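For reference, the structure discussed in these notes is given below.
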Amino acid sequence: SADKLFTPVTIGKTTLANRMIMAPLTRSRASQPGDVPTEMNAIYYAQRASAGLIISEATNITNQGKGYSLTPGIYTDAQEAGWKKVVDAVHAKGGKMSLQLWHVGRISNRLVQENGVAPVAPSAIQAVKSSSFVILPDGTPSRAPCDAPRALETAELPGIVADYAAAAERAMRAGFDFVEIHSANGYLLQQFLATGSNQRTDQYGGNMQNRARLLLEVIDAVAAKIGADKVGVRLSPNFVAHDIVDDESEAMTMYLAEEFNRAGVAYLHIAEPDWAGGQPLSDAFRVDLRKQYQGVIMTCGGYDAQTAEARLATGTVDAIAFGRPFIANSDLVARYQQGTTLNTPDQATFYGGDEVGYTDYPVL
Ligand code: NAD
1 SADKLFTPVT IGKTTLANRM IMAPLTRSRA SQPGDVPTEM NAIYYAQRAS
51 AGLIISEATN ITNQGKGYSL TPGIYTDAQE AGWKKVVDAV HAKGGKMSLQ
101 LWHVGRISNR LVQENGVAPV APSAIQAVKS SSFVILPDGT PSRAPCDAPR
151 ALETAELPGI VADYAAAAER AMRAGFDFVE IHSANGYLLQ QFLATGSNQR
201 TDQYGGNMQN RARLLLEVID AVAAKIGADK VGVRLSPNFV AHDIVDDESE
251 AMTMYLAEEF NRAGVAYLHI AEPDWAGGQP LSDAFRVDLR KQYQGVIMTC
301 GGYDAQTAEA RLATGTVDAI AFGRPFIANS DLVARYQQGT TLNTPDQATF
351 YGGDEVGYTD YPVL
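Counted from 1, the sequence shown has number 248 at position 248 by the working numbering; the numbering is strictly sequential.
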């Protein structure tokens, strides 16, 4: 094979040893109370440091942005200190790491919100086909419906932008190489982008430019604090889960790519739609996106070594992110290089729990 996967690639001012990215993976193992990353989390990520870049699990920028119990945050000193231990452990093994900044918007439940307030969204439209994950008052972990959200006031949006910027500053203090703004998978920023969930009549709703405004303000505010060369963005064109309805998502992606050039965004991370039942991205779209966007493009969704090499060979992307294979194989880079067999991921231990199914998969 061409083995392009194992060649370096530079994002911003940072050179990655290879083009295998560890995808952002929710594992729901932050310590309680406080949603703080732990020593066990540091061991898990450090085990996977041979990836060219590790993207952290989605990390709440505020309590308002939280939708799932046991997921970590980046808005308290304790959380920042916990993440510093994680990043230090990854750097000690020669790895690089990006922190994914998360606000779930309406994909939440009052039980995980401070004082039981309603979740927020662009418009007061409930996600009825999706779910949140909570610890019930009796202590039982459980799926829970997404509560009806309230629409954010226009005057509240600068505060949301500031929350992203503050989280990015904390990420830099913790030592991360990049942050990734999560504008995919049906969460707050994609709720603003999508025609179905954004019914606003102010300058943050309506046409494409207006629906993109919040994301672009977030990018500019984060870049002003930490430098655009440290900023990545995740998008999921054609995504259909979490009640996302959007008849303009490919056109929006093209528009955003141009705006990302203007802002100097270092990388664009595409979450492919197929796993959730969305229409696969067309080759023509991939070619157009590569022409439109000047930074590094990575793509994620069900790839293996062969399909990754094939995608790289088309020249439409620079790197490939792998999710489940990295859960079960901390030494995935070596296994792909050697063409050896892989451990099978155990779905029962994806979320919550301890070392089992987390740090104890066998290595070569
Ligand atoms: P699921 O529907 O079984 O669970 C959804 C969420 O509930 C999990 O992400 C987790 O936060 C929580 N959860 C479930 N069981 C839990 C437990 N025992 N303890 C603690 N928390 C628990 O998830 P799935 O079917 O694996 O995911 C559906 C898709 O959503 C996946 O393919 C994935 O790509 C995507 N996803 C995205 C994000 C993100 O964007 N941040 C996070 C998780 C999953």
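Glycine residues also receive a C-beta, built at the ideal position from the N, C-alpha and C atoms.
This one's a predicted model, so the numbers in the text were calculated from it and none came from an experiment.
Cβ pair residue i, residue j closer than 8 Å
| i | j | result |
| --- | --- | --- |
| residue 21 | residue 51 | yes |
| residue 287 | residue 231 | no |
| residue 121 | residue 105 | yes |
| residue 233 | residue 188 | no |
| residue 144 | residue 132 | yes |
| residue 38 | residue 94 | no |
| residue 296 | residue 90 | no |
| residue 57 | residue 33 | no |
| residue 250 | residue 237 | yes |
| residue 6 | residue 337 | yes |
| residue 272 | residue 301 | yes |
| residue 353 | residue 29 | yes |
| residue 326 | residue 48 | yes |
| residue 41 | residue 87 | no |
| residue 361 | residue 328 | yes |
| residue 363 | residue 330 | yes |
| residue 147 | residue 109 | yes |
| residue 244 | residue 190 | yes |
Opening and closing residue of the alpha helix (DSSP H) in which residue i lies
| i | result |
| --- | --- |
| residue 191 | 188-193 |
| residue 82 | 77-92 |
| residue 180 | Element bounds for residue 180: not the alpha helix (DSSP H) but the beta strand (DSSP E), 178-183. |
| residue 285 | 283-292 |
| residue 313 | 305-313 |
| residue 219 | 208-226 |
| residue 369 | Outside the displayed range of the chain (1 to 364) lies residue 369, so it cannot be described from this structure. |
Host beta strand (DSSP E) of residue i (start-end)
| i | result |
| --- | --- |
| residue 378 | Nothing in the structure corresponds to residue 378, since the chain is present only between 1 and 364. |
| residue 299 | 296-300 |
| residue 364 | Looking at the DSSP string, residue 364 is not in any beta strand (DSSP E), and its letter there is neither H nor E. |
| residue 144 | 141-145 |
| residue 74 | First-last for residue 74: undefined, no H or E at that position. |
| residue 21 | 20-22 |
Under the three-state DSSP convention, the category residue i falls into
| i | result |
| --- | --- |
| residue 269 | strand |
| residue 200 | coil |
| residue 349 | helix |
| residue 325 | helix |
| residue 235 | strand |
| residue 63 | coil |
| residue 278 | coil |
| residue 249 | helix |
| residue 15 | strand |
| residue 158 | helix |
| residue 53 | strand |
| residue 36 | strand |
| residue 127 | coil |
| residue 262 | helix |
| residue 43 | helix |
| residue 167 | helix |
| residue 358 | coil |
| residue 110 | helix |
| residue 150 | strand |
| residue 58 | coil |
| residue 121 | strand |
| residue 319 | strand |
Residue i versus residue j - alpha carbon distance
| i | j | result |
| --- | --- | --- |
| residue 192 | residue 339 | 43 Å |
| residue 225 | residue 215 | 16 Å |
| residue 280 | residue 350 | 25 Å |
| residue 112 | residue 134 | 6 Å |
| residue 290 | residue 175 | 30 Å |
| residue 164 | residue 61 | 6 Å |
| residue 212 | residue 14 | 28 Å |
| residue 79 | residue 284 | 42 Å |
| residue 64 | residue 101 | 13 Å |
| residue 242 | residue 186 | 5 Å |
| residue 321 | residue 312 | 12 Å |
| residue 347 | residue 324 | 9 Å |
| residue 103 | residue 76 | 15 Å |
| residue 253 | residue 129 | 24 Å |
| residue 162 | residue 171 | 14 Å |
| residue 310 | residue 156 | 45 Å |
| residue 317 | residue 114 | 41 Å |
| residue 223 | residue 294 | 17 Å |
| residue 67 | residue 59 | 11 Å |
| residue 264 | residue 54 | 21 Å |
CB contact below 8 Å: residue i versus chain B
| i | result |
| --- | --- |
| residue 140 | The structure shown has no chain B; it contains just one protein chain. |
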